[in-house]
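Visitor:
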Amino acid sequence: MALEKNIRKVKDNVWKLQEGEASYSLKKYKTRSTAVKVEYVHRQLQTIRFPHIVPIISTEDPLYIMQPWIEGTKPVNFRKRVDRTDSLMALQALHETKEMIDWDASPYLHRYQLIDKWQERLERFIDNRNASENYLGKKTVDEIILYGKKALPLIKKQYRQPFGQTLLHGDVVHHNILRDENGMIRFIDFDLACTGPPGTELALWMHRVLPNIGYNLEFLLAEQSALNDLDNASKSMLLYPNELLREWLHLLNLPKNKQYNLARKLIPFTESALSSWPKLWYDVERNMN
């Protein structure tokens, strides 16, 4: 697709396109398979008038996805109760689309392989432990690895691939969940969309939320009563130190000068998480049926 002079680059693969008074987001994908998947998901959701997305517009190049540029949107803030409540409700609504769309029959969506993904993530952290120790020290790295090794067998014991798979967004980080000027929650970046049990993604959402509320599981369950219906498999996922492993592996992939800047934020984040983990572990096990 030819890029016109009225296009402003936002980041490496995203541009803002201005046509008269209308503005659009233009995103280029590395692979056609991902672009086709993202378009398929949006087309299906648009068919049932699902409100929590930004509609897509056809382009001539299959590697590009175009959407209206919605001014005034802000990422949700998981420290705010209203954003926790509204983002959870929107996520549950996304999962409930399985009642109208047979996502599991889609040729474009793969099953979410949580166990394999988390096993591989822990192994990569162990393989790179020396680099992590330069920032955290041996004792802290040992502690992260211990929790990972203890959690995985418990998750495997509980985890099943039940019937009733649905669409999972795949990356429920706060900046992929926007609130527009009218207060509507909108999901963006369905690049990692897949199918799986709804409880899996609710647990991943909880992983994102818990650091923002002092890892207080009892508080979150009291505030968001729907989470009390999670099965043991989903609850057991909270035992795995997913955020710590992912963030440190991300840091180790950065250039050295950027590593030090991020480490200044990650070290206190890690200390807070590990100091809270024994109580979190106790609360999770107590809440499992």
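In UniProt numbering, the protein residues as written are 1 to 289.
Glycine included, every Cβ here is placed at the ideal spot set by N, Cα and C.
Note that this is a predicted model, so its numbers are computed, not measured.
Go ahead and label Thr85 buried or exposed: buried means 16 or more other beta carbons lie within 10 angstroms of its beta carbon, across all protein chains shown.
Guide: Against the sequence shown, residue 85 aligns to sequence position 85. Result: exposed.
Visitor: Could you spell out where the alpha helix (DSSP H) holding Met206 opens and where it closes?
Guide: Position 206 of the sequence shown holds residue 206. First-last of the alpha helix (DSSP H) with Met206: 198-209.
Visitor: I need the DSSP call for Gln224, collapsed to helix, strand or coil.
Guide: Locating residue 224 in the sequence shown gives position 224, counting from the first residue. Note: Gln224 maps to coil in three-state DSSP.
Visitor: Do Ser23 and Val14 have their C-beta atoms within less than 8 Å of each other?
Guide: In the sequence shown, counting from the first residue as 1, residue 23 sits at position 23. In the sequence shown, counting from the first residue as 1, residue 14 sits at position 14. Contact flag unset, no.
Visitor: Between the C-alpha atoms of Ile56 and Pro68, what's the straight-line distance to the nearest angstrom?
Guide: Your numbering for residue 56 matches position 56 in the sequence shown. Your numbering for residue 68 matches position 68 in the sequence shown. Approximately 7 Å, taken between the alpha carbons.
Visitor: Would you call the region 129-148 and the region 266-277 in contact, with 3 or more CB pairs under 8 Å?
Guide: Yes: at least three Cβ pairs fall under 8 Å.
Visitor: If you measure between the beta carbons of Leu202 and Leu239, is that distance less than 8 Å?
Guide: Counting from 1 along the sequence shown, the entry for residue 202 is found at position 202. Counting from 1 along the sequence shown, the entry for residue 239 is found at position 239. Contact: no.
Visitor: Would you give the residue range spanned by the alpha helix (DSSP H) that Glu71 belongs to?
Guide: Locating residue 71 in the sequence shown gives position 71, where the first residue counts as 1. Premise fails: Glu71 is in no alpha helix (DSSP H) and is neither H nor E.
Visitor: Kindly provide the ranges of any beta strand (DSSP E) runs that are 3 or more residues long and lie completely inside the region 132-172, ordered along the chain.
Guide: Segments of the beta strand (DSSP E) lying fully in the region 132-172: 166-168.
Visitor: According to the Cβ coordinates, are Lys28 and Tyr64 closer than 8 Å?
Guide: In the sequence shown, residue 28 corresponds to position 28, counting from 1. In the sequence shown, residue 64 corresponds to position 64, counting from 1. In contact: Lys28 and Tyr64 (Cβ atoms closer than 8 Å).
Visitor: Look at Asn77 and His169 and say whether their C-beta atoms are less than 8 Å apart.
Guide: Here residue 77 corresponds to residue number 77 of the sequence shown, with the count starting at 1. Here residue 169 corresponds to residue number 169 of the sequence shown, with the count starting at 1. It is not a contact, given that the beta carbons lie outside the stated cut-off.
Visitor: From which residue to which residue does the alpha helix (DSSP H) around Ile115 run?
Guide: In the sequence shown, the residue the question calls residue 115 occupies position 115. Note, Ile115: alpha helix (DSSP H), 114-127.
Visitor: What does the alpha-carbon distance come out to for the pair Ser87 and Ile177?
Guide: For the purposes of this step, residue 87 is taken as residue 87 along the sequence shown, with counting starting at 1. For the purposes of this step, residue 177 is taken as residue 177 along the sequence shown, with counting starting at 1. One C-alpha to the other measures close to 7 Å.
Visitor: Measuring CA to CA, which of Tyr40, Glu218, His95 is closest to Pro107?
Guide: Here residue 107 corresponds to residue number 107 of the sequence shown, with the count starting at 1. Checking every option, the nearest Cα to that of Pro107 belongs to Tyr40.
Visitor: Along the chain, where does the beta strand (DSSP E) containing Val14 start, and where does it finish?
Guide: By one-based count along the sequence shown, residue 14 stands at place 14. Element bounds for Val14: 14-19.
Visitor: Can you tell me whether Thr195 is helix, strand or coil according to DSSP?
Guide: Position 195 of the sequence shown holds residue 195. If DSSP states are grouped into helix, strand and coil, Thr195 belongs with the strands.
Visitor: For Ile213, which three-state DSSP category applies?
Guide: As a first step, residue 213 must be located in the sequence shown, where it is residue number 213. Ile213: helix per DSSP, three-state reduction.
Visitor: Around the Cβ of Asn253, are there at least 16 other Cβ atoms within 10 angstroms (buried) or fewer (exposed)?
Guide: As a working note, residue 253 is residue 253 in the sequence shown. So Asn253 ends up on the exposed side.
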